[in-house]
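First up is the structure itself, then whatever we jot down about it.
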Amino acid sequence: MTEPTDSSGMSCDEFAQMAAELALGVLTGRERAAALAHLDGCESCRELVRELTMTGEELLALLPSREPPAGFETRVLERIGLPAPGQSRSSHQRSADRRADRPAAGRPPARPAGRPRSRMRTALSAAAVAVALFVAGLGGWGLRGATGPSAPVTASALSTAALVTAAHQTVGMVTVYKHTPWMYMSVNLDGLGNVTVKCQLENAAGQFTTIGKFRLTDGYGTWASAYPSQGAVIGARLLSANDTVLATATLR
Amino acid sequence: MATPAERLPDETLLAGLGAGDAELSVAFVRRFQGVVFGVAVTVLHDRNLAEDVAQQAFERAWKHAQMFDGRQGTVRGWLTRITHNLAIDTLRVRTSAPMDPGDLATLLTEIADSPERVAVANDSAAGLRFALRRLPREQARAVTMAGIYGMTARQVADAEGVPVGTAKTRIRYGLQKLRAALLPEDAGDD
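Written out as structure tokens, the structure reads:
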């Protein structure tokens, strides 16, 4: 059987020689560009890189945890511009001004973001970019034109409920922010495989609005986005592509 | 629903961090600060530098919270990767000095031989440690240099006094053996 090669002539054997370095993020320059170009057209090598990247991640997971210096938590929250526990409102307001500088473009719509490597993005197809992002470890799935809430919300403005099937099995969870129209749903439906599902929210009048569609891979998927503000959200549901209700959630 | 934040799943805390929810953000930092600081200080050895990197990691997690994709792994793994990338970038900028062989030996001993240091012991961690102990020493060093310290094959070759091709082979075989330990039923091979 002839060894598959890509348009630049790299065979899978040749790729395999640098696959580990690519997965560990230590392949550079021309070698890296050539390797990524090969990945563009080769699913089996992409699978190899996925497995090696996962192995690298497991290696990192062996690193010991270490207690940071005292006050670390407070400094992190200040850096982000959130009130640390016990912080006064006025000092929080000063921090909030700094937060206004946070670029909303940190969440660009419908475009997977990652470490800036613009030369790579223009040179490769979306598939290779997706793998490269995976290799870079940021992963990502595009948000549909949404930007996150910019004002901090208190815990009481957060509503979380389990997504439950008709058979009372919990298959996911939905989180809705009441004063900012932002929601997050995660689904883990064993046996459903790779399918498209729909996420809907229910308003106080009992009307359902489809917020978005997303893919489940091996039954797993998540969705995060803004939703059209329409008063109180009292429920959510998950539907299959042909509108079968898979699970529902009741929010308060 | 008044669930104490400490009982919420990782992904909910992350979503809360991204949304600027004060209570969830505090819980998120508390839950993961040991992991994040541990990665930073292991790579950098300097606690001050490590704290700065750890703070940057949480800041990045806050900015990119919506980009987390649960299909690709866990929140812990994602955050570890963010921290590790930042630590390696800092290491590369800060120093071109070859790595201290003593640090590497210490790290290898720590991660391969001391399972009790890890808060969560799971099967894959135990299997990976076992596989790491069984690797030829030069492959274990090469994989650790590349995988933990972000050293290229060239840098591994220089540190070990071997040709680049030898370093590449050691990284490749070492990582493949570790992969085999995690995927024992892997049918296909390159």
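If you're matching them up, the sequences are chains A and B in order.
Numbering-wise (the numbering used here), the first sequence opens with residue 10 and increments by one.
Numbering-wise (the numbering used here), the second sequence opens with residue 5 and increments by one.
Just so it is clear, CB atoms sit at the ideal spot from N, CA and C, and this is done for glycine as well.
Keep in mind the model is a prediction, meaning the values are calculated, not measured.
Item: Within 9 Å, strictly: CB atoms of residue 183/A and residue 195/A; Value: yes
Item: Residues from the stretch 193-211 of chain A in contact with chain B, defined by Cβ distance under 7 Å; Value: 193, 195
Item: Simplified DSSP assignment, three categories, for residue 19/A; Value: coil
Item: Three-state secondary structure assigned by DSSP to residue 211/A; Value: strand
Item: Identity of the residue in 73/B, 23/B, 61/B nearest residue 84/A by Cα; Value: 61/B
Item: Nearest-angstrom beta carbon gap, residue 160/B and residue 146/B [assumed within contact, 8 Å]; Value: 5 Å
Item: C-alpha distance - residue 18/A paired with residue 170/B, whole-angstrom precision; Value: 24 Å
Item: Beta carbon of residue 181/A nearer than 9 Å to that of residue 210/A; Value: no
Item: Amino acids of chain B, ordered along the chain, whose beta-carbon sits closer than 7 Å to that of residue 34/A; Value: 154
Item: Simplified DSSP assignment, three categories, for residue 29/B; Value: helix
Item: Residues near residue 54/A by beta carbon distance below 8 Å, same chain, minus five either side; Value: 21, 24, 25, 28, 47, 48
Item: Buried/exposed call for residue 104/B, threshold 16 Cβ in 10 Å; Value: exposed
Item: Residues that residue 39/A bridges to, as DSSP identifies them; Value: None, per the DSSP bridge assignment.
Item: Supposed contact pair residue 40/B and residue 3/B - C-beta distance, whole angstroms, cut 8 Å; Value: There is no way to answer for residue 3/B, as the model of chain B reaches only from 5 to 194.
Item: Start and end residues, alpha helix (DSSP H) containing residue 9/A; Value: This structure gives no information on residue 9/A, because the portion of chain A shown stretches from 10 to 261.
Item: Residue-level contact to chain A via CB, residue 84/B, 9 Å cutoff; Value: yes
Item: CB contact flag (residue 38/B, residue 77/A, <9 Å); Value: yes
Item: Other residues of its chain near residue 213/A: CB distance less than 6 Å, five sequence neighbours each side excluded; Value: 240, 241, 243
Item: Contact set for residue 84/B: own chain, Cβ-Cβ below 8 Å, skip 5 residues either direction; Value: 39, 40, 43
Item: Selection from 80/B, 56/B, 86/B that minimises the alpha carbon distance to residue 68/B; Value: 86/B
Item: Distance CB(residue 186/A)-CB(residue 232/A) smaller than 9 Å; Value: no
Item: Nearest-angstrom Cβ-Cβ length linking residue 2/A and residue 228/A, presumed shorter than 8 Å; Value: With chain A covering 10 to 261 only, the question about residue 2/A has no answer from this structure.
Item: Under the three-state DSSP convention, the category residue 46/A falls into; Value: helix
Item: Three-way DSSP call (helix, strand, coil) for residue 166/B in this model; Value: coil
Item: Extent of the continuous beta strand (DSSP E) run through residue 218/A; Value: 217-225
Item: Chain E residues whose Cβ lies nearer than 9 Å to that of residue 229/A; Value: Judged by its chain identifiers, the structure shown contains no chain E, and its protein chains are A and B.
Item: Proximity of residue 66/A and residue 154/B at Cβ, strictly below 9 Å; Value: no
Item: Positions along the stretch 74-89 of chain A whose CB lies within less than 7 Å of some CB in chain B; Value: 74, 75, 76, 77, 78, 81, 82, 84, 85, 86, 88, 89
Item: Exposed unless 16 or more other CB atoms sit within 10 angstroms - verdict on residue 97/B; Value: exposed
Item: 9 Å Cβ cutoff, residue 19/A in contact with chain B; Value: no
Item: Straight-line gap, residue 223/A to residue 106/B (C-alpha atoms, nearest Å); Value: 49 Å
Item: Neighbour flag for residue 184/A against chain B, beta carbons, 9 Å; Value: yes
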